[in-house]
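Engineer: Pasting a structure here, questions to come.
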Amino acid sequence: MIDSDSGPGTVAHKCTLSTMNSSRHVTYFRQLGMLQLDSRIVMPSLLRSVRRMVEADFLFFFWTNEKGAVLAEYEDPPSPEGVRERYFAKFHDVEQPGLPPFSTAARFGPELSVVPDLPQRVRRRSAFWNEILNPLGSRYQLVMVLREGTHPEGVLVMHRSALTGPFSHQEAQVLREIRPYITQGLGHTPPCPATGTLGAPAGGDGATRMVENEEGLLILDRWGRLLSRCATSGLLLQMMQGARLPQARLPEQLPSPVTTIHRKLLDAEVGGTPFPPLVVVSAWGRFRLRACWLDAADGVRVGITIRREIPLRLRLWERLYGQPLSARQGELCLWLADDLSYAEIAERMGISRHTVVEYTQTIYRKLGVSGKEALIERLLHPPPTPG
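Position 15 of the sequence shown, counted from 1, bears residue number 513 in our numbering, the numbering being contiguous throughout.
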């Protein structure tokens with residue numbers, strides 16, 4: 499059942515949704531399918547894009563098998579310390595007030611449902627509320643189940659606090675319309691664990707060109723002991739290792755790429771030879787690690803940056819949201835990023851070379867650029883909005 503529109507923030511959400519009509523939401527997510535990327539590398543970008551359409555304080559995506567068992571999971575932002583562990587240990591596939599067991603919901607539940615708010619007396623007595631929802635600050639949930647035929651493929655759970663307010667009919671309808679295209683976009687590679695490859699090549703043609711995305715920082719002492727870290731570094735390290743269920747906490751032992759680049763910095767200090775960054779590839783993206791002394795005077799603290807890189811075409815897909823381009827023009831932007839000729843693009847899009855040239859010139863005119871590289875730069879780094 500979908501709850502009626504009510505509660506704080508509902509009007510603001512409706513105004514946000516009205517800035518982009520329903521058909522353009524559908525068009526935008528239909529383009530996700532043409533990327534043909536592993537579902538893990540897509541997920542952070544996908545959730546950011548969903549969030550632009552329907553506001554949420556927390557999002558969780560669970561990849562599932564046909565029996566509704568969880569294969570992998572991603573959180574945005576990472577949940578507070580201990581919440582994820584308690585959820586999987588005590589509550590994951592157990593019926594809760596107002597909620598069926600997870601596997602039952604994944605296999606047989608409605609494709610889209612708004613979980614009704616629990617009465618205060620029920621919340622007070624619910625261990626699930628006190629140990630999971632309350633630490634998350636979650637009061638309202640919107641659940642979307644993705645299925646291929648009758649087999650569940652994943653479950654998206656969106657959470658809102660009491661301050662943000664309940665989900666509306668209009669927001670639920672947006673998710674209902676884009677749901678088939680999210681399913682299609684995630685259907686290319688099963689989310690099984692991947693082994694990172696140290697020293698992968700950094701180059702690539704247009705179809706594999708990578709751009710920087712998230713960044714984390716570790717601070718170690720001279721002997722390789724962890725002193726401090728930023729909030730995202732634990733998550734990036736686990737993604738770098740191809741973890742099935744990444745979380746924003748560091749493993750008990752620092753992974754070998756971190757200890758390797760720390761040792762290389764010490765060796766460079768002795769031998770005076772510069773060294774390139776380490777590159778590690780997993781299903782979550784490509785990761786570059788660099789090390790430097792943070793205080794050259796005492797040579798005690800070492801800073802190690804971890805940058806996650808994603809395919810250029812995925813970043814451009816994110817940036818196409820809200821651009822003044824038609825569906826075909828947006829699709830053409832993604833093909834242009836692959837360094838294809840006009841003839842090759844025409845074959846892939848099923849149109850003439852002349853039409854490709856015409857569309858390209860129209861895109862350049864609309865976005866105020868004069869060539870392909872300028873177009874990519876304009877999408878990657880849009881000018882600031884006035885005011």
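A virtual CB, placed ideally from N, CA and C, is assigned to each residue, including glycine. These figures come from a predicted structure and were not determined experimentally.
Compare the Cα-Cα distances from PRO608 to each of GLY635, ASP574, VAL643, GLN594 and report the closest residue.
Structural biologist: For the purposes of this step, residue 608 is taken as residue 110 along the sequence shown, with counting starting at 1. If we check each option's Cα against that of PRO608, VAL643 comes out closest.
Engineer: Of the choices HIS523, VAL524, SER521, SER537, whose alpha-carbon is the least far from that of LEU812?
Structural biologist: The residue you call residue 812 lines up with position 314 of the sequence shown. It is SER537.
Engineer: Contact check, ALA587 vs VAL653 under 8 Å by CB: the rounded distance?
Structural biologist: Here residue 587 corresponds to residue number 89 of the sequence shown, with the count starting at 1. Here residue 653 corresponds to residue number 155 of the sequence shown, with the count starting at 1. Contact flag wrong, Cβ pair sits at about 19 Å.
Engineer: Just how far apart, CA to CA, sit LYS565 and PHE606?
Structural biologist: Along the sequence shown, one-based indexing puts residue 565 at 67. Along the sequence shown, one-based indexing puts residue 606 at 108. Going from the Cα of LYS565 to the Cα of PHE606 covers about 10 Å.
Engineer: Are PRO809 and LEU557 touching if we call contact CB-CB under 8 Å?
Structural biologist: As a first step, residue 809 is located in the sequence shown; it is residue number 311 there, counting from the start. As a first step, residue 557 is located in the sequence shown; it is residue number 59 there, counting from the start. No; because the gap between Cβ atoms is not below 8 Å, this pair is not in contact.
Engineer: Skipping 5 residues on each side, what residues in its chain have a beta carbon closer than 7 Å to that of TYR862?
Structural biologist: Your numbering for residue 862 matches position 364 in the sequence shown. Cβ neighbours of TYR862 beyond the five flanking positions: SER868, LEU873.
Engineer: What residue does the beta strand (DSSP E) around PRO881 start on, and which one ends it?
Structural biologist: By one-based count along the sequence shown, residue 881 stands at place 383. Segment: none, PRO881 is in no beta strand (DSSP E) and carries neither H nor E.
Engineer: Return yes when at least one heavy atom of the ligand ADP lies under 7 Å from the C-beta of GLY828, else no.
Structural biologist: This structure does not include the ligand ADP; it has no bound ligands of any sort.
Engineer: Note down, in chain order, each residue of its chain lying with its Cβ closer than 7 Å to the Cβ of LEU832, except the 5 sequence neighbours on either side.
Structural biologist: The count along the sequence shown starts at 1 and reaches residue 832 at position 334. Correct list, in chain order: GLN529, MET532, ARG811, LEU814, TRP815.
Engineer: Would you kindly report the start and end of the unbroken beta strand (DSSP E) that includes GLU579?
Structural biologist: Locating residue 579 in the sequence shown gives position 81, where the first residue counts as 1. Secondary structure note for GLU579: it is in no beta strand (DSSP E), with a DSSP letter that is neither H nor E.
Engineer: So LEU718 packs on ILE804, CB below 8 Å; how close in whole Å?
Structural biologist: Position 220 of the sequence shown holds residue 718. Position 306 of the sequence shown holds residue 804. By a beta-carbon distance limit of 8 Å, LEU718 does not contact ILE804. Their separation comes to about 12 Å.
Engineer: Measure the Cβ-Cβ separation of LEU681 and GLU646 and say whether it is below 8 Å.
Structural biologist: Locating residue 681 in the sequence shown gives position 183, where the first residue counts as 1. Locating residue 646 in the sequence shown gives position 148, where the first residue counts as 1. A quick correction: the sequence has Thr, not Leu, at residue 681. Against a cut-off of 8 Å, the Cβ pair of GLU646 and THR681 comes out as a contact.
Engineer: Please report the residue range of the beta strand (DSSP E) in which CYS790 lies.
Structural biologist: Here residue 790 corresponds to residue number 292 of the sequence shown, with the count starting at 1. Counting along the chain, the beta strand (DSSP E) containing CYS790 begins and ends at 783-791.
Engineer: When you compare each of GLU845, PHE626, GLY635 to PRO576 by their alpha carbons, which one comes out closest?
Structural biologist: If you number the sequence shown from 1, residue 576 lands on position 78. The shortest C-alpha separation from PRO576 is found at GLY635.
Engineer: Nearest by alpha-carbon distance to GLU573: which of ASP591, ALA567, ALA554 is it?
Structural biologist: Residue 573 sits at position 75 when you count from the first residue of the sequence shown. The residue with the shortest Cα to Cα distance from GLU573 is ALA554.
Engineer: If the criterion is Cβ atoms closer than 8 Å, does the pair PHE589 and PHE626 meet it?
Structural biologist: As a working mapping, residue 589 is identified with position 91 in the sequence shown. As a working mapping, residue 626 is identified with position 128 in the sequence shown. In this structure, PHE626 lies closer than 8 Å to PHE589 by Cβ.
Engineer: With DSSP run on the structure shown, which of helix, strand or coil describes GLY866?
Structural biologist: For this step, residue 866 is matched to residue 368 along the sequence shown. Correct three-state label for GLY866: coil.
Engineer: Leaving out five residues before and five after PRO822 in sequence, what residues of the same chain have Cβ atoms less than 6 Å from its Cβ?
Structural biologist: The residue given as residue 822 occupies position 324 in the sequence shown. LYS864, listed in sequence order.
Engineer: CB GLY714 to CB TRP782, shorter than 8 Å?
Structural biologist: Residue numbering aside, residue 714 sits at position 216 when the sequence shown is read from its first letter. Residue numbering aside, residue 782 sits at position 284 when the sequence shown is read from its first letter. Contact: no.
Engineer: Leaving aside the five residues before and after THR758 along the sequence, list all residues of the same chain whose C-beta is less than 7 Å from its C-beta, in chain order.
Structural biologist: Here residue 758 corresponds to residue number 260 of the sequence shown, with the count starting at 1. Closer than 7 Å at Cβ, skipping near neighbours: LEU776.
Engineer: Between THR853 and ASP836, what straight-line distance do the alpha-carbon atoms span, to the nearest angstrom?
Structural biologist: Here the question's residue 853 lines up with position 355 in the sequence shown. Here the question's residue 836 lines up with position 338 in the sequence shown. Using only the alpha carbons, I get a separation of about 18 Å.
Engineer: Please work out which residues of its chain come closer than 8 Å, Cβ to Cβ, to THR891, disregarding the five sequence neighbours upstream and downstream, and give them in chain order.
Structural biologist: With the chain running from 499 to 885 in the structure shown, residue 891 is simply not present.
Engineer: Ends of the alpha helix (DSSP H) at TYR840?
Structural biologist: As a working note, residue 840 is residue 342 in the sequence shown. Segment 840-847, the alpha helix (DSSP H) holding TYR840.
Engineer: Can you name, in chain order, every residue of its own chain whose Cβ lies under 6 Å from the Cβ of HIS649, other than the five neighbours on each side?
Structural biologist: Within the sequence shown, numbered from 1, the residue matching residue 649 stands at position 151. Cβ within range, chain order: GLU564.
Engineer: Quick one: using the 10 Å Cβ neighbour count with 16 as the cut-off for buried, is VAL800 buried or exposed?
Structural biologist: Residue 800 sits at position 302 when you count from the first residue of the sequence shown. Answer is buried; the Cβ neighbour count reaches 16.
Engineer: Around the C-beta of LEU725, are 16 or more other C-beta atoms found within 10 angstroms, so that it is buried, or is it exposed?
Structural biologist: Residue numbering aside, residue 725 sits at position 227 when the sequence shown is read from its first letter. With fewer than 16 Cβ atoms within 10 Å of its Cβ, LEU725 is classed as exposed.
Engineer: Suppose the cutoff is 8 Å on Cβ atoms and the five residues either side in sequence are ignored; what does the same chain contact list for VAL613 look like?
Structural biologist: As a first step, residue 613 must be located in the sequence shown, where it is residue number 115. Same-chain partners within the cutoff: GLY596, LEU597, TYR638, GLN639, LEU640, VAL641.
Engineer: Is it buried or exposed, PRO880, if we count other Cβ atoms within 10 angstroms and call 16 or more buried?
Structural biologist: As a first step, residue 880 is located in the sequence shown; it is residue number 382 there, counting from the start. The residue in question, PRO880, is exposed, as its Cβ has fewer than 16 Cβ neighbours within 10 Å.
Engineer: For ASP793 and GLN736, I'd like the C-alpha separation in whole angstroms.
Structural biologist: In the sequence shown, residue 793 corresponds to position 295, counting from 1. In the sequence shown, residue 736 corresponds to position 238, counting from 1. Going from the Cα of ASP793 to the Cα of GLN736 covers about 28 Å.
Engineer: In this structure, does DSSP put THR803 in helix, strand or coil?
Structural biologist: Walking along the sequence shown from the start, residue 803 turns up at place 305. Of the three classes helix, strand and coil, the one that applies to THR803 here is strand, per DSSP.
Engineer: Suppose you measure from the CA of PRO774 to the CA of ALA766; what does that come to, to the nearest Å?
Structural biologist: Walking along the sequence shown from the start, residue 774 turns up at place 276. Walking along the sequence shown from the start, residue 766 turns up at place 268. If you take the alpha carbons of PRO774 and ALA766, they lie about 11 Å apart.
Engineer: Which of the three DSSP states is assigned to ARG619 in this structure?
Structural biologist: Within the sequence shown, numbered from 1, the residue matching residue 619 stands at position 121. DSSP places ARG619 in helix when its eight states are reduced to three.
Engineer: Compute the beta-carbon to beta-carbon distance between LEU716 and VAL552, rounded to the nearest angstrom, for a pair I have assumed lies under 8 Å.
Structural biologist: Walking along the sequence shown from the start, residue 716 turns up at place 218. Walking along the sequence shown from the start, residue 552 turns up at place 54. LEU716 to VAL552, Cβ: 34 Å. No contact.
Engineer: For PHE560, which of helix, strand or coil comes out of DSSP?
Structural biologist: Numbered from 1 along the sequence shown, position 62 holds the residue referred to as residue 560. Strand.
Engineer: Closer than 7 Å by C-beta to VAL581: which residues in its own chain qualify, once you throw out the five before and the five after it? Chain order, please.
Structural biologist: Translated into the one-based positions of the sequence shown, residue 581 becomes position 83. So the qualifying residues of the chain are ILE630, PRO633, LEU634.
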